[in-house]
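To start, the structure itself, in structure tokens.
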Amino acid sequence: PSHRIRIADATLNERFSGTYPAYLVIDGKTDGAFKDPENLKLLESLQRHLESLPNVGKTASINELVKTVYRELLGGDEANFRIPNSSRAVAQTVLTYESSHRPDDLWSFVTPDFRKANIFLQLNSGDNVEMNAVARSAEKFLSENRMDQLFSSTWFGLTYINVIWQDEMVSGMLSALLSSFAIVFILMTLLFKSPLWGLLSMIPLSLTIALIYGIIGLVGKDYDMPVAVLSSLSLGLAIDYAIHFLARSRDLYKVHGNWIDTLNALFDEPARAITRNIIVIGVGFLPLLLAPLVPYQTVGLLISSILLTAGATTLVLLPALMTVFSRKLFPVQAQKPTTTSKVSKS
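Throughout, this note's numbering is defined as the position within the sequence shown, counted from one, plus 1009.
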């Protein structure tokens, strides 16, 4: 917020009508629809509604052009700054403007057949949430005043593109996150050849995602693009610890033949290796907190939190669950290897 670009942006949007453009095209469905004074008055009522919204500074359409020319044709009296009462008078204002030195400006506000009119909005924020609120309010106004029966509407412009982009990214990543959970579970089941082991491997990951993203929601952080992208990326990173832990536990159980000895061996070399991996990878992303861009800071904090939490959950929760369900996880008690077999393995 203290960056000079953001300060300049806030100052411009505070003192002027707004620096973020958006456009609403109203289709009158018939040629010459916006030479009809009644349609122009409906368009004007929509403009006044949009201007009443807190994040809309100003609107402009063919109405401003028609009213300005009409006022000048009648001597410049401010009382005549209005929409004429007849289609012929509207056509006269348009014809007069077309003889000016910038006639092509007319086609920024209306199509040559006068079927479609463009409302130009100046917003004081480029936030996609606020742009979406404006679009919903316009849609509601058109519906409540039955204007949607006469007209159809379409949004466009850079600010509205941001809405589409965010919707595609966030909703797409949200669905990708849910489908990724299913895919990871299937892969874990195939890897360990058991749905129970596959489900067990998913527990640290699931709890980590629920905890971290729950905290994000509680602190009021938006589910924005970096958060959405990392939600799917974090699945592949956070599952690694569980794979290492469970795979080593199965290998060690074949050697020791009982869970207690397996657990003691598991928290020797394998647990130390996993812990070092957690520290190196988790802490390794923290330098991104020093980056000048907020999205980079979000990436650093989020990935580090996910990796550290997933690692801690793996080392604390998995051994406890495996102890409780050891009979189901290891239904056949392996025989301890004899001295001869140990020597042969050595």
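All residues carry an ideal CB built from backbone N, CA and C; glycine is no exception.
Only a predicted model underlies this, so the values are computations on that prediction, with no experimental measurement involved.
**Request:** Drop a sphere of 10 angstroms on the beta-carbon of Phe1334, count the other beta-carbons inside from all chains shown, and report buried for 16 or more, exposed for fewer.
**Result:** exposed
**Item:** Per DSSP, cross-strand counterpart(s) of Ala1069
**Value:** Phe1129
**Request:** Please look up how many angstroms separate the CB atoms of Leu1033 and Leu1209, rounded, as I've assumed it's under 8 Å.
**Result:** The pair is not a contact, with the Cβ atoms about 54 Å apart (cut-off 8 Å).
**Item:** 7 Å Cβ shell around Gly1166 - same chain, five flanking residues per side excluded
**Value:** Pro1030, Ala1031, Tyr1032
**Prompt:** Does Pro1328 get closer than 7 Å to chain C when you measure Cβ to Cβ?
**Reply:** Here chain C cannot be found, since the structure has a single protein chain.
**Message:** For a quick check, are the C-beta atoms of Val1143 and Ile1071 less than 7 Å apart?
**Reply:** no
**Request:** Taking all protein chains shown into account, decide if Thr1332 is buried (16 or more other Cβ within 10 angstroms of its Cβ) or exposed.
**Result:** exposed
**Request:** Take Asn1022 as the anchor and find which of Ser1134, Glu1060, Ala1088 has the nearest alpha-carbon.
**Result:** Ser1134
**Prompt:** Within this structure, are the beta carbons of Asp1084 and Gly1027 separated by less than 7 Å?
**Reply:** The question names Asp, but residue 1084 in the sequence shown is Gly. No.
**Request:** Determine the extent of the alpha helix (DSSP H) in which Pro1279 is found, giving its start and end residues.
**Result:** 1278-1293
**Item:** Reduced DSSP secondary structure (H/G/I, E/B, other) of Asp1036
**Value:** strand
**Item:** Alpha carbon of Val1062 to alpha carbon of Glu1177, nearest angstrom
**Value:** It is Leu, not Val, that sits at residue 1062 in the sequence shown. Roughly 26 Å separates the two Cα atoms.
**Prompt:** Looking at C-alpha atoms only, which residue of Phe1160, Gly1181, Met1156, Thr1102 is the closest neighbour of Leu1239?
**Reply:** Gly1181
**Asked** According to DSSP, is His1012 helix, strand or coil?
**Response** coil
**Prompt:** Buried or exposed: Ile1192, going by 16 or more other Cβ atoms within 10 Å of its Cβ?
**Reply:** exposed
**Request:** Measure from the alpha carbon of Ile1248 to the alpha carbon of each residue in Ser1096, Arg1155, Leu1324, then state which is nearest.
**Result:** Leu1324
**Asked** What's the gap between the Cα of Phe1025 and the Cα of Pro1304?
**Response** 29 Å
**Prompt:** Using 8 Å as the threshold, is the segment 1106-1114 in touch with the segment 1123-1141, meaning 3 or more CB pairs across them?
**Reply:** no
**Message:** So, with DSSP's three-state summary, where would you put Val1228?
**Reply:** coil
**Item:** Proximity winner among Ala1019, Thr1068, Ala1319, relative to Phe1129 (alpha-carbon distances)
**Value:** Thr1068
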